[in-house]
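Visitor: So the protein lines, in turn, are chains V and B.
Reminder that position 163 of the first sequence reads as 146 in the numbering used here, one-by-one numbering, no gaps.
Just so we're on the same page, the numbering used here is the position in the second sequence counted from 1, plus 867.
Backbone N, C-alpha and C define an ideal beta-carbon position, used for all residues, glycine too.
Note that this is a predicted model, so its numbers are computed, not measured.
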Amino acid sequence: MSQTPDNADLSMEEQLVAYLDGELEAEEARRIEELLSNNPQLRQTLQQLDHTWELLDELDTQEVAENFTQTTLEMVAVAAADDVRQSLAEAPRRRRRRWALVGGSLLAAGLVGFLAVIFLLPNRNPNRQLVEDLPLLLEVEQYRQIDDFHLLQMLREEGLFVEEDVDQAEQEVDAAQEDGSGR
Amino acid sequence: MGTALVVSESSARRYALRDPDVRLMLQVRDDDAAAFEELVLRYQARLVTVLEHLVGNRDQAEDLTQDVFLRVYRARKRYVAGAKFSTWLYTIANNVASNAIRSRMRHPEVTLQPRDSGPMGARPLDVMLQASSGQMPARQLDKAEMREIVRLALEALSERQRMAVLLNKFENMSYADIGETMGLTPQAVKSLLSRARGNLREVLQPYFQHGERPTIEGHNPGSV
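1) How many angstroms separate the CA atom of B/K944 from the CA atom of B/D897?
2) Name the chain V residues that come within less than 8 Å of B/V907, Cβ to Cβ?
3) Is it right to say V/H133 is buried, meaning 16 or more other beta carbons lie within 10 angstroms of its own, or is it exposed?
4) Quick check on the burial criterion: 16 or more other C-beta atoms within 10 angstroms. Buried or exposed for B/T916?
5) The alpha helix (DSSP H) with B/E919 in it runs from where to where?
6) To the nearest angstrom, how far is it from the Cα of B/R1064 to the Cα of B/V907?
7) If I'm right that B/Q933 touches V/M58 with Cβ under 8 Å, what's the distance once you round it to whole angstroms?
8) Where does the unbroken alpha helix (DSSP H) through V/T52 begin, and where does it stop?
9) Check distances from the C-beta atoms of the segment 29 to 41 of chain V to those of chain B and list, in chain order, the residues that come in under 7 Å.
10) Does DSSP put V/H133 in a helix, in a strand, or in coil?
11) Could you tell me the alpha carbon to alpha carbon distance between B/L914 and B/L884, rounded to whole angstroms?
12) Mind the definition here: the segment 1054 to 1072 of chain B touches the segment 33 to 47 of chain V only if three or more C-beta pairs lie below 8 Å; say whether that holds.
13) For a contact defined as C-beta to C-beta under 8 Å, what are the partners of B/N1035 on chain V?
14) Below 7 Å on C-beta distance, what does V/E46 contact in chain B?
15) Comparing the C-beta of V/A64 with each C-beta of chain B, is any distance below 8 Å?
16) Determine, for B/L1071, whether the minimum Cβ-Cβ distance to residues of chain V falls below 8 Å.
17) Could you round the C-beta distance between V/E41 and B/A912 to whole angstroms and report it? I think they count as a contact, below 8 Å.
18) By the 10 Å Cβ neighbour count, where 16 or more other Cβ atoms means buried, how is V/L170 classified, buried or exposed?
19) Should V/E(-4) be flagged as near chain B, meaning a C-beta pair shorter than 8 Å?
Have a look at this one:
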């Protein structure tokens, strides 16, 4: 892999830092040590990196005041108490919301069930059946006088009821004509 | 238990055995106040140190440390045992510090407040002048000046480089742990630390070789 000199320097510096931090695999560490033994400039870079890193030891590591722990714990206790208070204050509202949710869900489920019964199982409605059977019920006394269903069917096929229908149609036409001439 | 655990119970037990702080945090999760106090005692000074070097202000570092502990307490029920408690803690600290730094950048007037907690107190230049006038032992000046120079060099790093350096130097974190804390891959941490240490060398080496004070203004602290 070809690298520009800057990238190669950067990559080597990365390897040197990782070497100082003990983050290289054994094989990589051995390769760096070999390079270091043959390259005084690389050794100098390594020493400078190491030296400046050690200088960070000069930075203060802080101690905290004796009452710091106490104030921290008190602050957390106050915050925890606030959390509990807030949670308790919100509890009735949460409960109301939960009940409203449950009620709404039940209502929706009931509505869906009702609609399913209406549309998917229409024959279960007894009134609907009655409405459909109304013409038959109106004439049921006449039908009862004829015992044989096949006889009715034969008479219909013979055209017995057609005549009645024609007569009725003629009467309707006559009535319409009389109504027209009367105007 | 209502907490959704990502790791298995056996893994959590293993982590707790390896890291006593994981054990303590699991007790905190079960509302053990004494365990929480123990964690505060163990980490408060370390957090103040790292946060002070990150935000550059002692009072703010203490406030942020307390904020970190408050967040730890509030997040206790969601805590999932990891390999190390400190990586979880410093992830929170990193977020808290980043928010504080961003907030300060949005409200730059805050930066006009005098630094109150540098190694040489409120006015490091005044201290140096006082020392050079013979009112302070020379040896103390050397030490204080060196500390100030190092602090300036650290401040010249970008926020991310500084955090990685502090975790590596003060918390002895591995690249993998730093990566977990900062949301980076170990390779990215390797590059970040390499650039950080290269920058430190560039700033500090001339001073310690030839006594040249570093030109921090010319340095680009925003570069990552």
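Guide: Quick answer:
1) 8 Å
2) T52, T55 and L56
3) exposed
4) buried
5) A900 to V922
6) 31 Å
7) 6 Å
8) E49 to L103
9) Q31, L32, T35, W36, L38, L39 and E41
10) helix
11) 24 Å
12) yes
13) D4
14) A912
15) no
16) yes
17) Their Cβ separation, rounded to whole angstroms, is 18 Å, which puts V/E41 and B/A912 out of contact at 8 Å.
18) Missing from the structure shown is residue 170 of chain V; chain V here goes from -16 to 166 and no further.
19) yes
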